[in-house]
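Residue numbers (our numbering), protein chains in the order written: chain V, 112 to 329; chain S, 16 to 360; chain H, 29 to 832.
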Amino acid sequence: MLLEARDIEKSYGTGAGAVRVLSGVSFRAAAGESVALTGESGSGKSTLLHLCAGLDRPDAGEIRIDGQALGALDDRGRAALRRDRIGLVFQQFNLIPSLPVAANLSFQARLAGRQDAAWCAALAERLGLEGLLRRYPEQLSGGQQQRVAIGRALAARPRLILADEPTGNLDEATGDAVLALMLELVSETGAGLVMVTHSARLAARLDRRLHLSGGRIA
Amino acid sequence: MNVKALILWLLLAAPLWAQGFAGLGGGAEGFATPSPGTVLEFPADHGPHPDFRIEWWYLTANLRGADGRDYGVQWTLFRTALAPGEAEGWQSPQLWMGHAALTTPERHFVAERLARGGVGQAGAQAAPFEVWVDEWRMAGPDVSEIALTANGADFGYDLNLSADGPLIPQGAGGYSVKSAGGQASHYYSQPFYRVAGTLHLPEGSVSVSGQGWLDREWSSQPLEATQEGWDWISLHLDEGAKLMGFQLRQSDGTTYTSGTWIGADGRAEPFGDGALRMTPVERAAVAGRDLPVGWRVELPGRGLDVTLRALNPESWMDTLFPYWEGPVRVGGSHPGRGYLEMTGY
Amino acid sequence: MRRATLSAMLSHWLRHPLQLGSLLLGLALATALWSGVQAINAEARASYARAAQMLGQDRFAQLVPRDGQRFDQSVFVALRRAGWQVSPVLEGALQTDGQQLRVLGLDPLSAPAGSAPQTVTGRGDLPGFLTPPGQGYAAPQTVRALAGQPGLPRLIASDDVLPGLLITDIGIAQGLLEASGQVSRLILAPEQPRRRAPLAAIAPGLTQRPPQARADIAALTDSFHLNLTAFGLLSFAVGLFIVHGAIGLAFEQRRPMFRTLRALGVPLRSLIGLLMAEVLILALIAGLAGVALGYGIAAALLPDVAATLRGLYGAALPGTLSLRPAWWAGGLGIAVIGAGAAAGQSLWRLAHLPPLAPAQPRAWARASARGLWRQGAAALGLGLAAFGLAVFGSGLVAGFALLGALLLAAALALPGILALGLGVAERAAKGVLAQWFWADTRQQLPGLSLALMALLLALAANIGVGTMVSSFRLTFLGWLDQRLVAELYVTARDEEEAARLRQWLAPRVEAVLPVWSIEAPVAGAPAQIYGVADHATYRDHWPLLDALPGVWDRLAAGEAVLINEQMARRAGLGPGDALTLPGANGALIVAGVYSDYGNPHGEALLGQGLFTTLYPQAPRLRHALRLPPEEAPALARALVREFGLPAGNIRDQAAIKAVSVQVFDRTFTVTAALNVLTLGVAGLAMLTSLLTLAGMRLPQLAPVWALGLTRAHLARLELLRALMLAALTMVLAVPVGLLLAWALLAVVNVAAFGWRLPMFTFPADWLRLGALALLAGGLAALWPALRLARMAPADLLKVFAHER
Ligand SMILES: Nc1ncnc2c1ncn2[C@@H]1O[C@H](COP(=O)(O)OP(=O)(O)OP(=O)(O)O)[C@@H](O)[C@H]1O
Ligand SMILES: [Mg+2]
């Protein structure tokens, strides 16, 4: 199984006490499978995605990627995992502000030592970024930044794509095109895709749909 | 010439007053006071009177050079005592201050010397007569025959003086009253000097001759607090007579005047307060002050009505206690020449 | 609304106490550095002034006894009565309970103005001063120490009198010292009457000593003073940059909030007003703390200053600090002005940015790309101005202007040069991480540049002042070695004794070299003319700067003259030029120019034969003796035994040298301490900058972390970055420091003292300094890096959820 989450619990400590966000979430995603993650705002979608990416640790439960338990990995191991197997698209894009678009696009692929110039060029073309490669992130619109973030995640041909509302800032047509691109990659490379979205229309185009509510998968 | 003493006292004696060593009034603590009955004795009185607080040897001369120009010379030694009496070495309470000046129509040279008594740097003795500070000297076998010398950075003079007339006691037998309140000094003069010698100027030396006037005065009493300043004259009139006069300016605008007419024969006739009239007729800005450098002097009792004009209005004595002192030309009923001193401006 | 705005602004500081702390610390440190140096400077100046006043008599020529013994005051009276304007001085030591007291007796009536401290001569109570028991002026602590001792005059405390000294009337002093009728020396008034008898006719036992008897010490003092002044300037510059950096960051951090506040309808005007009030309050708080800190610095260093001055003057100086309102005000002033200047720029930016301008740091970086150009242009302009001043300027003011322009140009050019270098590195970088590293460093530059400028200035000042001091020391010691070759110097009391001395010495030493001199005007200025023997002592050691071939033969032949650098510069003379000496028939050839550090006056050297022909009247009393060094002390003792020479007439070269070196080294302990301090403060500036930047930088680091780098790896990169920046700054500081040293040695020193010091470089010192710079940079980066390495992932994750 590509991604396997079992009984995940997570709370955040705030000034007013602990806020329980996830209370026993379990789900799986197989290679070549695309999963939509929906839920109302604040239900914990981003939190779950960050846990799956090994960015944070759950309070309880276990997450496995390709059978490898994330809890057993140290900092370095988790960093290697993110670098080598995961493509992350953040809700807030989080491009690297000091690097131009081209460098942002290829950043992770180069970090993972898997740069494929032809693939990068193709991605830029498919995402409509050809004219923007020399610009810096702050000189792009929100949607353009989002497309760079998606390109960055796909450039390394990751095993698992974790996308947090990747189409939130895109018009319908561009959103569709971007989703098509991701699904294409999934079917081509057998990668898994977990995508947070508020759009039922987009969710319907994926293989499966999980709904997060009250800290659990409904 | 009490006013200089007043200023000197302000420096030297004022702290004494402040410390209560001396009273303000006439009876200066421990010092002798002038008394009307005193008879002057010579040569002893040519020498110092250390029991009195202040004293001076004051010589002025109106000179004409071989170059035909007019000159004036002043040589003064002041003595002031911190305490009555004399002591050996640095413990001597006597302080000395010398002023020397040389006036030409264009320039006025001044030098000043300060010294302490007791060690020999300055002093005075009656016989043989000698008064000195540093290399400045007024000396002779007697007062009637003296050599005079002084130096500054840029001038100097060597003069010989001989008297062809008697010593003149001022006031009542040498008791000179300085205020309505009775302040007084012992005061006599030798106004009959013939002078010859050499002046040393930056340009070179000039031999000169003329007339000289020596004033000797000692006292212990300061002036009245209301007396602000002093205008004093000594005139050699061409007819052979001499006139000494002074007015003390008082803070209420009135003056106290006194004078002595000295005939060519040496007969002295004192005039009390009010007889002599001195009125400024010409003023000039000197050393940042407004000074009367021209005067009308009247002595109706002698039919005298003359005008004094300064040979050099810039005769400012820029000394520790500054004042104006310089030669004047006398015109009017009794032409002649003389010296004018003004203080408190 | 104002209250709401204010609470929003203050809430930022409450949420970020570290930022507030570093802002206050930066401001306080800058103020402390400035006011500390100022305090030392002010105290030193006050001490100089006091010492100079106390030694006021040295400004006058003096008549001193040939035999060094006291003489009868009748000599004084005889001189006065011969027209000499002299004033008697009696000096001596008085052993009181537990303390040795130096008694100085003066005659206030004959003393020339300025020959005694102001408060002593300026008080009105002359009778009290003259009349027993008299009055004794002394420093307040001396008065306290002497309280209750019997037999002393009434003591009056005066700040103008050096500790351990009692100034009183000469008559009182004669009593205290049991020297009735005795005098130590006579002060010669500057103005003398036109006619005077010759000195020899009246007081053959006295000789005239010129007023510059202590010129050597004075020059050293001045150089110390100049050093402090230069340091004041440098510390001011460093401080200004630190303040600027701290305030600039404080504004930059809150830019998103300003944007939001304005978007919510707070008028720009009231926002700016509030910010100005905030800056003023912060500046005052930090300024006060800084002044107090500066006081601490000064108090810690002042004992060294006092020791230095004690070394220079051989007189005790108070080693305590008095609080001077001037530098309290000055310290607060620099805090407020520095903060105001820094805030002005930030406020201007705030006022001119549209309310919705992007708040990302990158935008800031780009906005300051234009600023970088402007800074570069300003640096270029200042550099040209410095060049112009170096070539065409003259005088001390121009020298200091040159220093200022140079430093400012270097500081302004730094970010541009670093940006260029980092750009090149970025393009040359192969790996993705390296590329990111360089790009990210470049982006961080605007936030760090002020701290880096401060570091640059501190390093440059360190190199510059260090080079100057070391060059000075090396040159001075070399010169001492050259000038004081002879093992002993002996001065006879009179000609007859001198002749006996020469006879007695001849079989006992290797050589007796006459050191005879006369004072006379040369080339229109007063100068000292020396006659020297033709001897290896001179041939081998004399410090010639420039000379014709066969210079010593020409000198011995009586056809040439050597002159010191001062005279050469003043009269525009060089080897080969003709020079006519007073009394000489024809002109002599200037055969060489020698260095003569510490001497403000002209000097000329003649062969001994020619000297005695030209100036037969010159006293022939002084001699240099050559003998094996180990025999010198014994010979000195023998001289005292045989001739009864006073100790002051025999000078042991080794002793002189030891004293000089000691004085010199103490002089510069203070400099060294200040150097370290400046560097430390610059390091702290970097720390505070990095700390505040660390918070702002999370959004730049978090994505890289998310994409597969460990926090530890990122932290190592951060540390490396700081080290690299410090190293780059150090590399740039070397030429700047050398230029600074050159300006100090070749421009300021020449303008101030009339001689140029050769420059020696000390690369080993740079290496040490480089290590120190790396240490400072590394230490500064260590804390932020450790915080990053230990940061909870949740904190990094927050970045992903927050709109920036
Ligand atoms: N660092 C944090 N500290 C405290 N609470 C947090 C933190 N991060 C998230 N939360 C809380 O956890 C909950 C889940 O947040 P999360 O970002 O996962 O929601 P989401 O489902 O992604 O919402 P959205 O659709 O609005 O993006 C929210 O209620 C949020 O307030
Ligand atoms: Mg979310």
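Beta carbons: idealized from backbone N, C-alpha and C, even for Gly.
Flag Gly736 of chain H as yes if its beta-carbon sits less than 9 Å from any beta-carbon of chain V, otherwise no. Output row for Gly736 of chain H: interface = yes.
Figure out for me which residue from H:Ser102, H:Met304, H:Ile195, H:Arg109 has the closest Cα to the Cα of Ser208 of chain H. H:Ser102
When we look at the beta-carbon of Val296 of chain S and count the other beta-carbons within 10 Å, is it buried (16 or more) or exposed? exposed
Closer than 9 Å by beta-carbon distance: list the chain H residues that pair up with His322 of chain V, in chain order. Chain H residues near His322 of chain V: none, gap ~21 Å exceeds 9 Å.
Does DSSP classify Gly708 of chain H as helix, strand or coil? Reduced to three states, the DSSP call for Gly708 of chain H is helix.
Host alpha helix (DSSP H) of Val579 of chain H (start-end): That run of the alpha helix (DSSP H) goes 579 to 584.
Counting only beta-carbon atoms, is Ala730 of chain H nearer than 9 Å to chain B? Protein chains in the displayed structure are V, S and H, and chain B is not among them.
Any heavy atom of ligand 2 within a distance shorter than 8 Å of the CB on Ser310 of chain V? no
Completely contained alpha helix (DSSP H) runs for the stretch 784 to 820 of chain H, where each covers 4 or more residues: 791 to 817
Can you name the start and end residues of the alpha helix (DSSP H) that Pro369 of chain V belongs to? There is no way to answer for residue 369 of chain V, as the model of chain V reaches only from 112 to 329.
Where does the unbroken alpha helix (DSSP H) through Gly262 of chain V begin, and where does it stop? 253 to 266 is the extent of the alpha helix (DSSP H) around Gly262 of chain V.
Nearest to Gly303 of chain V by alpha carbon, out of V:Leu199, V:Arg189, V:Gly153, V:Ser157? V:Leu199
Cα-Cα, which of H:Leu435, H:Val419, H:Gly427 is closest to Leu408 of chain H? H:Leu435
Residues of chain H with a CB under 9 Å from the CB of Glu150 of chain S: which are they? Arg108, Arg109, Ala110, Gly111, Trp112, Pro221, Arg223, Arg224, Ala225
Please name the residue, chosen from H:Pro542, H:Arg654, H:Phe99, H:Ala750, that lies closest to Leu446 of chain H on a Cα-to-Cα basis. H:Ala750
Quick check: is any heavy atom of ligand 1 less than 8 Å from the C-beta of Thr469 of chain H? Placement of the Cβ of Thr469 of chain H at a distance of 8 Å or more from every heavy atom of ligand 1 is found.
Pull up the CB-CB distance for Ala833 of chain H and Gln636 of chain H, whole angstroms please, since I reckon it's below 8 Å. Since the displayed chain H opens at 29 and closes at 832, residue 833 of chain H lies outside it and no answer follows.
Consider the Cβ of Ser39 of chain H: report whether some Cβ of chain V lies at a distance smaller than 9 Å. no
Is the shortest distance between the beta-carbon of Asp468 of chain H and the beta-carbons of chain V less than 9 Å? yes
Within this structure, are the beta carbons of Arg223 of chain H and Gly171 of chain S separated by less than 9 Å? yes
Identified DSSP bridge partners for Thr519 of chain H: H:Arg650
Can you name the residues of chain S whose CB is closer than 7 Å to the CB of Gln101 of chain H? Simply Val134.
According to DSSP, residues forming a beta bridge with Thr196 of chain H: H:Gly133
Assigned exposure category for Glu746 of chain H - 16 Cβ within 10 Å defines buried: buried
Run through chain V and tell me which residues come within less than 9 Å of Arg283 of chain H, C-beta to C-beta. Correct list: empty, because the minimum Cβ distance to chain V is about 13 Å.
Count the other C-beta atoms from every protein chain shown that fall within 10 angstroms of the C-beta of Gly40 of chain S, then say buried if there are 16 or more, exposed otherwise. Note that Gly40 of chain S scores a pLDDT of 33, beneath 50, so its modelled location is shaky and nothing firm can be said.
I'd like the list of long-range same chain contacts for Leu317 of chain V, defined as Cβ closer than 7 Å, with 5 residues on each side in sequence excluded. For Leu317 of chain V, where only same-chain residues beyond five positions count, the Cβ hits under 7 Å are Ser145, Val146, Ala147, Met306.
Met758 of chain H (DSSP reduced to helix, strand or coil): helix
Closest by C-alpha distance to Leu174 of chain S, when choosing among S:Arg209, S:Glu56, S:Phe261: S:Arg209
Name the DSSP beta bridge partners of Lys257 of chain S, please? S:His251, S:Ile277
Three-pair Cβ contact test at 8 Å for the stretch 93 to 102 of chain S versus the stretch 61 to 74 of chain S: yes
With H, G and I counted as helix, E and B as strand and the rest as coil, what does DSSP make of Tyr247 of chain V? In the displayed model, Tyr247 of chain V falls within coil according to three-state DSSP, outside both helix and strand.
Considering just the uninterrupted stretch of the beta strand (DSSP E) at Ala206 of chain H, what are its terminal residues? Note on residue identity: the sequence assigns Glu, not Ala, to residue 206 of chain H. Counting along the chain, Glu206 of chain H falls outside any beta strand (DSSP E), and DSSP gives it neither H nor E.
Chain-order list of residues whose beta-carbon lies under 8 Å from that of Leu785 of chain H (same chain, five-residue window excluded): Only Met496, Ser499, Phe500, Thr503, Tyr625, Leu773, Ala774, Asn777 meet the Cβ criterion.
Using a beta-carbon distance below 9 Å, is Leu753 of chain H in contact with chain V? no
Is the distance from the Cβ of Gly368 of chain H to the Cβ of Trp62 of chain H below 9 Å? no
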